[in-house]
Amino acid sequence: MSILHIAILAPFIFAIFIPLFYKYLPRIHTGWFVLVLPTLLFIYLIRMLPTISKGEVITKQFEWVPSLGINFNVYIDGLGLLFALLITGIGALVVLYSIYYLGKKGEALHNFYVYLLMFMGAMLGVVLSGNLMVLYVFWELTSLASALLIGYWYHRKKSRDGALKSMLVTVMGGFAMLAGFSFLYVITGTFNIQEIIANADVVAASSLFIPAMLLILLGAFTKSAQFPFHIWLPDAMEAPTPVSAYLHSATMVKAGIYLVARMSPVFAGAAEWFWLVAGLGIFTLLWGSFNAVRQTDLKSILAYSTISQLGMIMSLLGLGSASAYYGYEDYYVIATYAAIFHLINHSTFKGSLFMVVGIIDHETGTRDIRKLGGLITLMPITFTLSIIGAFSMAGIYPFNGFLSKEMFFTGLLHSLDITQFNMQSLAFLFPVIGWIASVFTFIYSMIIVFKTFTGKYQPEKLDKKPHEAPIGMLVPPIILAALVVVFGFFPGLLEHTIIDPAVHAIHPAALAAGEHFGIHIYPWHGWDAPELWMTIGVIALGVIMYLTLTKWQKIYEFLRLHKKDPINYIYDYLLDGVIRFAKKVTSMQMTGLLRDYLAFMFIFVIAIVLYSVIRYDVFSIDTGNMEGIPFYFWIIAFVFAAATITVPFIQYRVAAIIAVGIVGYLVALFFVIFRAPDLALTQLLVETVTTTLFLLCFYHLPELRKERSKPKFKLTNLIIAIGVGATVTITALSTLVARGHRPFEAISEYHLENSYKLAGGDNVVNVILVDFRGFDTFLEILVLGIASLGLYSLIKFRVKGRDSI
1 MSILHIAILA
11 PFIFAIFIPL
21 FYKYLPRIHT
31 GWFVLVLPTL
41 LFIYLIRMLP
51 TISKGEVITK
61 QFEWVPSLGI
71 NFNVYIDGLG
81 LLFALLITGI
91 GALVVLYSIY
101 YLGKKGEALH
111 NFYVYLLMFM
121 GAMLGVVLSG
131 NLMVLYVFWE
141 LTSLASALLI
151 GYWYHRKKSR
161 DGALKSMLVT
171 VMGGFAMLAG
181 FSFLYVITGT
191 FNIQEIIANA
201 DVVAASSLFI
211 PAMLLILLGA
221 FTKSAQFPFH
231 IWLPDAMEAP
241 TPVSAYLHSA
251 TMVKAGIYLV
261 ARMSPVFAGA
271 AEWFWLVAGL
281 GIFTLLWGSF
291 NAVRQTDLKS
301 ILAYSTISQL
311 GMIMSLLGLG
321 SASAYYGYED
331 YYVIATYAAI
341 FHLINHSTFK
351 GSLFMVVGII
361 DHETGTRDIR
371 KLGGLITLMP
381 ITFTLSIIGA
391 FSMAGIYPFN
401 GFLSKEMFFT
411 GLLHSLDITQ
421 FNMQSLAFLF
431 PVIGWIASVF
441 TFIYSMIIVF
451 KTFTGKYQPE
461 KLDKKPHEAP
471 IGMLVPPIIL
481 AALVVVFGFF
491 PGLLEHTIID
501 PAVHAIHPAA
511 LAAGEHFGIH
521 IYPWHGWDAP
531 ELWMTIGVIA
541 LGVIMYLTLT
551 KWQKIYEFLR
561 LHKKDPINYI
571 YDYLLDGVIR
581 FAKKVTSMQM
591 TGLLRDYLAF
601 MFIFVIAIVL
611 YSVIRYDVFS
621 IDTGNMEGIP
631 FYFWIIAFVF
641 AAATITVPFI
651 QYRVAAIIAV
661 GIVGYLVALF
671 FVIFRAPDLA
681 LTQLLVETVT
691 TTLFLLCFYH
701 LPELRKERSK
711 PKFKLTNLII
721 AIGVGATVTI
731 TALSTLVARG
741 HRPFEAISEY
751 HLENSYKLAG
761 GDNVVNVILV
771 DFRGFDTFLE
781 ILVLGIASLG
791 LYSLIKFRVK
801 GRDSI
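Residue numbering for the sequence shown is 1 to 805, as defined by the UniProt record's numbering.
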């Protein structure tokens, strides 16, 4: 295992020690220990920039399940390194910010940082994995870790609901994505991402091309909050602000962007891919920006703005995919270039804004813009940071958001020249929708700044007396805001070091053909540039609409958008329907009676076995090869049957246990007679232990209440009993006859031949349990362990008087 593998797994390993730091060093904030890891990882990864900027890639392999083609391969190119730097760099700033945001009093900091490190490691695994199955494992870990972080304040119902919604939506998409990955494996015979990209023409010619594409996009759209799967993101704002700044601006929501970018070489050039990615992205941009304006909570505004910005990046990736059809000219690739540039910019200004909102909430006790105002003199540094972040998001010079917004307009205008994919009649919609959405982006950016810091100061509506945040809480947003300014004035710092390699990773065919993009980022396009006049129009109309906000904002009430996103009604209806259906099925199935549970299981076994026997016509009886049954066999079988039949009629516990023990020992005797000493020994040991334990427990229990009425005869019991017996008999007889006519060798022969050779054990049964079925046995132990921990937690909460959460 290489250092790169260890770097990905380091957050998981480090998380194991967090409870120890929290418990044995209580005077030191746990965040200081955590801060070391992402800082070191960022330094380690940034040293790879010179290598990656030359167009080279770094690969390391580690065999995991080679028989299935599942290996933990690390693949670092420009795209993977970009995301890894965002994950570790912003992760370090978020940890520093959280030290001052989350005080030690009353906070389970060890849980918080375990979840955070778990998420960090999972995201690194997603963006650096070269194998689809490994990527999927880390993908689902991000969903789990994010749900734990969103529900960190689990005593709040909204936090629990937000965690549930994010889990349901993203995991559903993850399952769909897994099916898409499976289709790619069926087509190409490999899970290796680069091998699949190399066989893109084989994928395109397959009948599974469209199903695989749709399922993979479903996973990407749910994770990156694209319409209509965006509804989980606003509810996720119930998480602590450091979580929002990390997960929902720079990392988790970008996982879907990463997946689309990584899979573009496989699917780009297809009309379906173009329209789904570009079309759904541009509509998400409009929907998010339009709904952000109606919000009154600062984090809700940022949530919908994140949805909007993600839609913008997604639409650019879709438009850039047209280059796979037309050729890798700068004219067509500029949309992809803008997507990567804005992805970086969005992480800087949005991360800063989330931290600013956290400062406002921390120092005033509210995020409601109706209660805020006049804070400019009380919190001047925070105001400056909000100006930088919000103006960059609005696309105002000289901040980095202005440059990527100009490139966004350029990409939209170039879409007018696309003649394929039936774009002739609909191409105009892209620049029109993009421009309208940019107007609303400008409006909500101004709301964040001026509704909070200007206007009338309302101390009576605030829970705290506002003051500037401590320097430790200000440093992380200051660093991000500084990057906003630096990248705005010196975008060349990013061009050849990280953007070019990332774009080449999305368009590897261009690199293979020796194409080197001549795209340069600069703020001035000339007075005749339509991008300039589009920006001027956005600012002019945005100022007018902001100043007249109260006059036209009632449109949201007219459209019935003033309460909540209408997609939430669909979600609530579906979730309520699932819960009602589950309760109905559960009430029918979980009766509390052991007899019913056994009846359900036996009926299912009878049905599935008899169906298989009839369906494949395997029922047959041939007694020609059977030997005669000795007389003592009949005696043992009679005693066995008598003991079994006696058990239900015994009224005393101890006698019933003894009867059951007799049955078990007779089974062991059968094993001895049939020359299976290993099985006989195992059966004797198990039977002795269980009988002894039952006798010890039941001896001390209260006596059974004597039944006044005799047990009633039930026909269904008789039918099920006869059915089980007949099923087992038919199966045994058919199997016995089929032994000489098997189309394949019995698995038992393999175990007998290899138990000692491969596992070093003579006891075949034990070898099967410990070695051949070792993973299955391990999972059984794991389930028992989880159940034990759950039981212990319930008892612990009950002892502390916490009967409900």
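Ideal placement from N, C-alpha and C gives every residue a C-beta, glycine not left out.
Query, Result
"Separation of residue 35 from residue 92, as counted between CA atoms", "6 Å"
"Exposure of residue 620, with buried meaning 16 or more beta-carbon neighbours within 10 Å", "exposed"
"Alpha carbon of residue 224 to alpha carbon of residue 566, nearest angstrom", "19 Å"
"In chain order, each alpha helix (DSSP H) run of at least 4 residues that lies wholly inside the stretch 764-797", "764-767"
"Beta-bridge partners of residue 59, as assigned by DSSP", "75"
"Cβ pair residue 82, residue 344 closer than 9 Å", "yes"
"Three-state class that DSSP yields for residue 103 in the structure shown", "coil"
"Assigned exposure category for residue 180 - 16 Cβ within 10 Å defines buried", "buried"
"Inter-stretch contact (C-beta, 8 Å, three-pair minimum) for the stretch 305-324 and the stretch 254-268", "yes"
"Limits of the unbroken alpha helix (DSSP H) element including residue 309", "298-320"
"C-alpha distance - residue 526 paired with residue 259, whole-angstrom precision", "36 Å"
"The alpha helix (DSSP H) enclosing residue 160, as first and last residue numbers", "157-188"
"Classification of residue 757 by the beta-carbon crowding that lies within 10 angstroms, buried from 16 upward", "exposed"
"Residue environment, residue 750, which counts as buried when at least 16 other CB atoms sit within 10 Å", "exposed"
"Under 9 Å between C-beta atoms of residue 125 and residue 134", "yes"
"Backbone CA spacing between residue 212 and residue 161 [nearest angstrom]", "31 Å"
"Straight-line Cα distance separating residue 227 from residue 283", "8 Å"
"Residues near residue 552 in its chain [Cβ-Cβ closer than 8 Å; skip 5 each side]", "545"
"Where residue 707 falls, given that 16 or more other Cβ within 10 Å makes a residue buried", "Confidence is the limiting factor: at residue 707 the pLDDT is only 47, short of 50, which leaves the residue's position unreliable and the question unanswerable from this model."
"Residue 463, buried or exposed, once every other Cβ within 10 Å from all chains shown has been counted against 16", "exposed"
"Cβ-based neighbour list, residue 376, same chain, cut-off 8 Å, excluding 5 preceding and 5 following", "383, 453 and 454"
"Pair within 9 Å by beta-carbon distance, residue 350 and residue 389", "yes"
"As assigned by DSSP and simplified to three states, the class of residue 707", "Because the pLDDT at residue 707 is just 47, under 50, the model does not fix this residue reliably, and the value given afterwards should be weighed accordingly. Coil."
"Sheet register partners of residue 368 (DSSP bridge)", "297"
"Residue environment, residue 432, which counts as buried when at least 16 other CB atoms sit within 10 Å", "exposed"
"Sheet register partners of residue 70 (DSSP bridge)", "65"
"Alpha helix (DSSP H) segment containing residue 378, residue limits", "Looking at the DSSP string, residue 378 is not in any alpha helix (DSSP H), and its letter there is neither H nor E."
"contact_flag[the stretch 332-341, the stretch 363-376] where n(CB pairs < 8 Å) is 3 or more", "no"
"Residues bridged to residue 192 (per DSSP)", "131"
"Coarse secondary structure for residue 563, derived from DSSP in three states", "coil"
"Pair within 9 Å by beta-carbon distance, residue 358 and residue 473", "yes"
"Between the CA atoms of residue 603 and residue 709 - distance to the nearest angstrom", "Any reading at residue 709 needs caution, since the residue's pLDDT is 47, under 50, leaving its predicted position unreliable; the model's value is listed next. Each residue's alpha carbon lies about 28 Å from the other."
"Distance between beta carbons of residue 264 and residue 506, contact taken as under 8 Å", "5 Å"
"N-terminal and C-terminal residue of the alpha helix (DSSP H) that residue 504 is part of", "500-506"
"Close Cβ partners of residue 554 (< 6 Å) along its chain, the five nearest in sequence each way excluded", "none"
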